[in-house]
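Chemist: Chains A and B supply the protein sequences, listed in that same order. Mapping of the first sequence onto numbering that gives the first Met the number 0: position 33 corresponds to residue 32, and the numbering continues sequentially without gaps. Mapping of the second sequence onto numbering that gives the first Met the number 0: position 50 corresponds to residue 49, and the numbering continues sequentially without gaps.
There are 2 protein chains.
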Amino acid sequence: MHNIAILGFGTVGSGLGEALLTDRERLARHLGDGLDIKYILDLREFPGHPLGDRVVHDFNIILNDPEIELVAEMMGGSHPAYDFSLAALKAGKHVVTSNKEVVANFGAELLETARQNGVRYLFEASVGGGIPVLRPIINEAVLHEVRSVRGILNGTTNYILTQMRIHGTPFADALSAAQSMGYAEANPTADVDGLDAARKIVILAALAFGVIVKPDDIPVKGIRDVRPEDLQAAGACGGTLKLIGSASRECGGLLISVRPCFVRHDRLLAHVDDVFNAVSVDTGVLGEVVYYGAGAGKLPTAAAVEADITDILSGSVQSQEALTWKAGSRDDLCDASLVSYSWFISGGTDSRITEPMTEEAVKKLCAAGQNYYPCL
Amino acid sequence: MHNIAILGFGTVGSGLGEALLTDRERLARHLGDGLDIKYILDLREFPGHPLGDRVVHDFNIILNDPEIELVAEMMGGSHPAYDFSLAALKAGKHVVTSNKEVVANFGAELLETARQNGVRYLFEASVGGGIPVLRPIINEAVLHEVRSVRGILNGTTNYILTQMRIHGTPFADALSAAQSMGYAEANPTADVDGLDAARKIVILAALAFGVIVKPDDIPVKGIRDVRPEDLQAAGACGGTLKLIGSASRECGGLLISVRPCFVRHDRLLAHVDDVFNAVSVDTGVLGEVVYYGAGAGKLPTAAAVEADITDILSGSVQSQEALTWKAGSRDDLCDASLVSYSWFISGGTDSRITEPMTEEAVKKLCAAGQNYYPCL
């Protein structure tokens, strides 16, 4: 019997619990052994829930139980999620998580701790929710130089931009609609201002390039300044605007950013709408490969965590060495202001695509009331 | 040192040889040991080629060399590719291949032989070329019921349809253009009449549902009858026409087919153009996940085979049990004529989307000169 513990029994944690109960027989067949959720750590009680009798309030019960092989950290936030994960790894327990905040900020240390203790730290659900991108990117990066990883990494902002494009709705109204649909939180800052996407692109860049930088160290711009008329003008210029997380090697460093970009209609990413996400990986050898699917949601996220658990407990040893990240700093990043792009200038009938130039140059070119966006 | 042999040194085989030479150091680091191409089986000689001194003409030299751990079958065609693969597996050697004809027709037997001999038979490159779909689908199918697998599985026909749509070119002219671009073969039948896509959908269905049927047993229709005016009418009805390989569970059996379908613009598959391929996998839990990329080509195909080799030699044991296929027959297939779809009827200004009905019913509905296509 494989004994595991779930830390945090909110939306994602309870979703995982339910998925593991539902799939119990398939799992047992695949693992050749049963899987038991021995503990659930939460401050609350869940009377009447089929897993209600597993609830404990003291993490040390889990930490000190040698029967616990694996801990699924579903708490969210940095603390105590990071601290509990570190302690579990040091105690020789595998850890899986959907917590992008912890992976983005402490991933290098947690992976190194896992390596030192002969256990694994996996986090498929932290990037792209239900889209299985983690393993393919690791597999690619082992063999081939990854040129770039780019994607639509946040469903809330993609939904808002889609509504603005189709209905001409201003940003504030589209945001309200997203909130009433349950696609955006009451405090939408992490989504709308790009922080959620920043955490994800930092993790994707680490998978591709082996260096993890802090989300706070990369340039991040959200979608608050995008106007419906910008989307209309983009359409007339043969493309659309998408919030793009982007990581590539440029001018001797890593260029990592989140910002709204002009995406031509002949790129598949231009057609990723509503709450869906997509990740595009470019290797010289394979060319562009795109992974598309639901980026969030209780069931897809639970399924991604479940896949990590299965992977570990079935002994399907994805080379953990490939998952060693160097903790990067600003010195690993190249100066975005030196890089030249083509730009989409949005200004009514004067809208156009420029020759490649720096951001400073395009800024000077723009008249009052014109917005500019780099072309993907 | 890991010793391997390549069977067949044509486009794909030599591409693999070159990829393994180029990536020699990365591979050695990842595998913890070097990899040597000890033999190349081909009828020809390759004087001056860096691997020219490895060429042998007798398969028994490879079969009887206990140092050979793995055989990469890159010959194409059923015979002797199937026979050599079977012999190699029985001799306890792993086999990897890009040969969809062999996998589609003999996959169940070869996988079972691999299992019995404690070795592995992998074929990522046989479906989707450079798009890594095999492992994700296996992983999904282990845990969750796959509802359907659908895709644009042939680059040649997708290129032709794209040209017909954009330029209004008739089929015959678009085919000539594809041939002059090197996208279509002098004898284009396998592509244009759907056989290539049929082999791939049969393999994908086997990955998803565990049963492999013969490509000859499924209904297959190519793109010869698609007219530029059908594509134009489809556009006016909010979609486009794509050659779709489709496998799903319906009416107590598997519904597997290849035929041109109407795909609405709000489906990502509608936007997969030119020679690109895409595979859409629908599980109840994850929803739709789409994988997109180059479906063919020397480098992507070689890279996919290389990934299989790395996977096996690094001991990253993708559960081979999940790769056990029952050899299916016509009895496993449900009768497509009983299934109701919505249909796109193409007939100039009278073009329309119907209510769900059987093919027989829509046929009666069509006037002379009208074509009909099922809606995806």
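Yeah, the Cβ is synthetic: ideal placement off N, Cα and C, and Gly gets one too.
(1) Verify the CB distance criterion: does Leu298(B) have a CB-CB separation below 8 Å to chain A?
(2) Can you tell which of Gly47(A), Ile311(A), Tyr340(A), Val304(A) has its C-alpha closest to the C-alpha of Ser97(A)?
(3) Going by other Cβ atoms of all chains shown within 10 Å of its Cβ, with 16 needed for buried, is Leu20(A) buried or exposed?
(4) Checking 8 Å against the spacing of the C-beta atoms, do Ile311(B) and Arg114(B) come in under that value?
(5) Looking at Leu6(B) and Glu72(B), is the spacing between their C-beta atoms short of 8 Å?
(6) Using the beta-carbon count (16 or more within 10 Å), is His56(A) buried or exposed?
(7) Taking Cβ to Cβ, would you say His29(A) is nearer than 8 Å to Thr309(A)?
(8) Quick one: does the C-beta of Ala302(A) sit closer than 7 Å to a heavy atom of the ligand ATP?
(9) Let's test the definition: count the other Cβ atoms within 10 Å of the Cβ of His78(B) and tell me whether it reaches 16, buried, or not, exposed.
(10) Can you give the beta carbon distance from Arg149(A) to Leu375(A), rounded, assuming they're within the 8 Å contact cut?
(11) Beta-carbon within less than 8 Å of His143(B)'s beta-carbon, same chain only, minus the 5 sequence neighbours each way: which residues are those?
(12) Starting from Val262(A), find everything on chain B with Cβ-Cβ shorter than 9 Å and list it in chain order.
(13) Excluding sequence positions up to five away, which residues of its chain have a Cβ less than 8 Å from the Cβ of Leu253(A)?
(14) Can you check whether the CB of Val280(B) is closer than 8 Å to the CB of Val274(B)?
(15) What residues from the stretch 81 to 102 of chain A come within 9 Å of chain B, judged by C-beta to C-beta, listed N to C?
(16) Between the stretch 173 to 184 of chain A and the stretch 94 to 112 of chain A, do three or more beta carbon pairs fall short of 8 Å?
(17) If you reduce the DSSP assignment to three classes, tell me which class Ala205(B) lands in.
(18) What are the partner residues of Cys374(A), as DSSP defines its beta bridges?
(19) DSSP state of Ser328(B), grouped into three classes?
(20) Assuming His93(A) contacts Leu62(A) under a Cβ cut-off of 8 Å, what Cβ separation, rounded to an integer in Å, is found between them?
(21) Looking at the structure shown, is Leu50(A) part of a helix, part of a strand, or coil, going by DSSP?
(22) Kindly give me the distance between the Cβ atoms of Gly128(A) and Gly14(A), rounded to whole angstroms, as I take these residues to be in contact under 8 Å.
(23) Give a yes or no on whether 8 Å exceeds the smallest Cβ distance from Asp32(A) to chain B.
(24) Residues of chain B with CB closer than 8 Å to the CB of Asp22(A), please, in chain order.
(25) Closer than 7 Å by beta-carbon distance: list the chain B residues that pair up with Ile379(A), in chain order.
(26) Can you check DSSP and say which residues form a bridge with Lys199(A)?
(27) Leaving out the 5 sequence neighbours to the left and right, which residues in its chain are closer than 7 Å to Ala360(B) when beta-carbon positions are compared?
(28) Quick one: is Lys376(B) buried, meaning 16 or more other Cβ sit within 10 Å of its Cβ, or exposed?
(29) Under 6 Å Cβ to Cβ from Tyr81(A), same chain only, skipping five residues before and after it: list those, please.
(30) Just confirm the distance between the C-beta atoms of Ile159(B) and Ala173(B), as a whole number of angstroms; I'd bet it's less than 8 Å.
(31) Below 7 Å on C-beta distance, what does Glu17(B) contact in chain A?
(32) For Ser350(B) versus Ala235(B), is the C-beta distance shorter than 8 Å?
(33) For His270(B), go through chain A and note every residue whose CB falls closer than 7 Å to its CB, in chain order.
(34) Is the beta carbon of Asp190(A) less than 8 Å from the beta carbon of Thr155(A)?
(35) My parser needs the alpha helix (DSSP H) runs of 4 or more residues fully inside the stretch 80 to 115 of chain A; what are they?
(36) State the CB to CB distance for the pair Glu123(A) and Ala306(A), rounded to an integer number of angstroms; the pair is presumed to be in contact (CB under 8 Å).
Modeler: From the atom records:
(1) Along the second sequence, one-based indexing puts residue 298(B) at 299. Interface with chain A (8 Å Cβ-Cβ cutoff): Leu298(B) is included.
(2) Start at 1 with the first residue of the first sequence, and residue 97(A) comes out as number 98. Comparing Cα positions, the closest option is Val304(A).
(3) Mapped onto the first sequence, residue 20(A) falls at position 21. Exposed, because fewer than 16 other Cβ atoms sit within 10 Å of the Cβ of Leu20(A).
(4) Residue 311(B) sits at position 312 when you count from the first residue of the second sequence. Residue 114(B) sits at position 115 when you count from the first residue of the second sequence. No, these two residues do not count as a Cβ contact at 8 Å.
(5) Position 73 of the second sequence, counting from 1, holds the residue named residue 72(B). Position 7 of the second sequence, counting from 1, holds the residue named residue 6(B). In this structure, Leu6(B) lies closer than 8 Å to Glu72(B) by Cβ.
(6) Looking up residue 56(A) in the first sequence gives position 57. With fewer than 16 Cβ atoms within 10 Å of its Cβ, His56(A) is classed as exposed.
(7) Position 30 of the first sequence, counted from the start, is the residue given in the question as residue 29(A). Position 310 of the first sequence, counted from the start, is the residue given in the question as residue 309(A). In contact: His29(A) and Thr309(A) (Cβ atoms closer than 8 Å).
(8) The ligand ATP is absent from the structure shown, which contains no ligands of any kind.
(9) By 1-based counting over the second sequence, the position of residue 78(B) is 79. Flag for His78(B) reads exposed.
(10) Locating residue 149(A) in the first sequence gives position 150, where the first residue counts as 1. Locating residue 375(A) in the first sequence gives position 376, where the first residue counts as 1. Going by Cβ atoms, the distance from Arg149(A) to Leu375(A) rounds to 7 Å, so yes, they are a contact pair.
(11) Indexing the second sequence from 1 puts residue 143(B) at position 144. Once the five neighbours on either side are set aside, the close Cβ partners of His143(B) are Thr282, Gly283, Val284, Leu285.
(12) Taking the first residue of the first sequence as 1, we reach residue 262(A) at position 263. Result: empty, since nearest Cβ-Cβ is about 12 Å, beyond 9 Å.
(13) Residue numbering aside, residue 253(A) sits at position 254 when the first sequence is read from its first letter. Excluding residues within five positions, the ones whose Cβ falls inside 8 Å are Ala204, Phe208, Val210, Val212, Ala246, Ser247, Gly327, Asp331, Leu332, Cys333.
(14) Here residue 274(B) is taken as the residue at index 275 of the second sequence, counted from 1. Here residue 280(B) is taken as the residue at index 281 of the second sequence, counted from 1. Contact flag unset, no.
(15) Taking 9 Å as the Cβ-Cβ cut-off against chain B, none of the residues of the stretch 81 to 102 of chain A qualify.
(16) Between the stretch 173 to 184 of chain A and the stretch 94 to 112 of chain A, the count of Cβ pairs shorter than 8 Å is below three; the stretches do not touch.
(17) The residue you call residue 205(B) lines up with position 206 of the second sequence. Looking at Ala205(B) - three-state DSSP - the assignment turns out to be helix.
(18) Residue 374(A) sits at position 375 when you count from the first residue of the first sequence. Paired residues: Phe261(A).
(19) Mapped onto the second sequence, residue 328(B) falls at position 329. When secondary structure is reduced to three states using DSSP, Ser328(B) falls in the coil class, being assigned neither helix nor strand.
(20) For the purposes of this step, residue 93(A) is taken as the residue at position 94 of the first sequence. For the purposes of this step, residue 62(A) is taken as the residue at position 63 of the first sequence. Wrong, their Cβ atoms sit about 13 Å apart, outside the cutoff.
(21) On the first sequence, residue 50(A) is found 51 positions in, with the first residue counted as 1. DSSP places Leu50(A) in the coil class of the three-state scheme, outside both helix and strand.
(22) Here residue 128(A) refers to the residue found at position 129 of the first sequence. Here residue 14(A) refers to the residue found at position 15 of the first sequence. The beta-carbon separation of Gly128(A) and Gly14(A), rounded to 11 Å, does not stay under the 8 Å limit for a contact.
(23) To locate residue 32(A), count along the first sequence from 1; it is residue 33. Look at Asp32(A): its C-beta is not under 8 Å from any C-beta on chain B.
(24) Mapped onto the first sequence, residue 22(A) falls at position 23. For Asp22(A), the chain B residues whose Cβ falls inside 8 Å of its Cβ are Leu142, His143, in order along the chain.
(25) What is shown of chain A runs 0 to 375, which leaves residue 379(A) out entirely.
(26) As a position in the first sequence, residue 199(A) is number 200, starting the count at 1. Note: Lys199(A) is not bridge-paired with any residue in the DSSP secondary-structure output.
(27) As a first step, residue 360(B) must be located in the second sequence, where it is residue number 361. So no residue of the chain qualifies.
(28) Residue 376(B) is absent from the model: chain B starts at 0 and stops at 375.
(29) Taking the first sequence and counting its residues from 1, the one referred to as residue 81(A) is at position 82. Sequence-distant Cβ neighbours of Tyr81(A) in its own chain, meaning closer than 6 Å and more than five residues away, are Val101, Phe105.
(30) Residue mapping note: residue 159(B) aligns to position 160 of the second sequence, counting from 1. Residue mapping note: residue 173(B) aligns to position 174 of the second sequence, counting from 1. Contact between Ile159(B) and Ala173(B) holds: their C-beta atoms lie close to 4 Å from each other, under 8 Å.
(31) Residue numbering aside, residue 17(B) sits at position 18 when the second sequence is read from its first letter. Chain A residues near Glu17(B): none, gap ~11 Å exceeds 7 Å.
(32) Start at 1 with the first residue of the second sequence, and residue 350(B) comes out as number 351. Start at 1 with the first residue of the second sequence, and residue 235(B) comes out as number 236. It is a contact, given that the beta carbons lie within the stated cut-off.
(33) Within the second sequence, the letter at position 271 stands for residue 270(B). Under the 7 Å cutoff, chain A gives Leu267, His270.
(34) Here residue 190(A) refers to the residue found at position 191 when the first sequence is read from its first residue. Here residue 155(A) refers to the residue found at position 156 when the first sequence is read from its first residue. Yes, the pair counts as a contact, with Cβ atoms nearer than the cut-off.
(35) If we require 4 residues or more, the alpha helix (DSSP H) runs fully inside the stretch 80 to 115 of chain A come out as 80 to 89, 99 to 115.
(36) Mapped onto the first sequence, residue 123(A) falls at position 124. Mapped onto the first sequence, residue 306(A) falls at position 307. Right, the Cβ-Cβ distance comes to about 6 Å (below 8 Å), so this counts as a contact.
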